Structures are given as C-alpha cells and as structure tokens.
Amino acid sequence: MERLRIIRESRGSYVIQVYGEDHTLGTLLVEAIKRVSNPKLAYYEAVHPMEDIIQVYVKYEDDVDIKEVLRKASDYLLEVIGDFRRRYLEALERRGGGG
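My numbering applies: residue 204 is where the sequence shown begins, and numbers increase by one.
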C-alpha cells in the first residue's frame, strides 16, 4: 500500500494524501511546509474520523517542485525533533539520569 500520494490539482495547487497518519503528522507537516516554503495557503484535514488518512492542501502563486518542498519539510522536522531529543537528554543527564 502506498503511504503518500501527490495530486496536482491546478497550477500551484497540490493535495498530498498521507495514509496511516492522523492529526499529529498533519499539524507538523503543514507547519513545516509553511517554514520551508512560502505557500499562499496550507492546511490539512482528516478524510474521515474512522480512517487514518490525512489530506494536506498547499497552494502557491505558481508551480513548485512539491517533492522538494516535502523533502525540505521532512528535513526541518527531523532537525527540530533531533534538537528536542538532544536538549531532553542533556536535561536528564543534569538531573542524574532520572526522568
């Protein structure tokens, strides 16, 4: 089963369907897309409450390389999560390893 499907609706307008995910990734992905590119509009919605499918809608002034935008957004999220992990582990170490 595919995990991701990109649909170009019209010039500069894309729908990214993500299977097996929910609001957690939807919120993170939209915010990351906004950070790494300059969309006119970016939001997501759950397809149905009983299905783990989200659709991310992104609109730009003109066509973009949406795969490159998603790569940059993924890199950004990995960087943020890595930074959080590093800070968390440093804090644990300062407290003597307890959590």
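The beta-carbon is built from N, C-alpha and C at its ideal position, and this holds for glycine as well. Since we're looking at a predicted model, the values are computed, not measured.
{"Asked": "Give the single residue among E205, A276 and K270 whose Cα lies nearest to the Cα of T230.", "Found": "A276"}
{"Asked": "May I ask you to report which of helix, strand or coil DSSP gives R208?", "Found": "strand"}
{"Asked": "Taking only the alpha-carbon atoms, compute the straight-line gap between I257 and D265 and give it to the nearest angstrom.", "Found": "24 Å"}
{"Asked": "At the level of alpha carbons, what is the spacing between I219 and G299?", "Found": "44 Å"}
{"Asked": "Suppose you measure from the CA of Y291 to the CA of A235; what does that come to, to the nearest Å?", "Found": "21 Å"}
{"Asked": "At which residues does the beta strand (DSSP E) containing Y279 begin and terminate?", "Found": "It is not in any beta strand (DSSP E) - Y279 instead sits in the alpha helix (DSSP H) that spans I269 to R297."}
{"Asked": "As a quick exercise: from R208, Y217, L207 and R206, pick the residue whose alpha carbon is nearest that of V267.", "Found": "Y217"}
{"Asked": "Tell me whether the beta-carbon of G223 lies closer than 7 Å to the beta-carbon of D255.", "Found": "yes"}
{"Asked": "Find the nearest neighbour of E282 within the set E212, R206 and R238, judged by alpha-carbon distance.", "Found": "R238"}
{"Asked": "Compare the Cα-Cα distances from Y260 to each of L207, M253 and V233 and report the closest residue.", "Found": "V233"}
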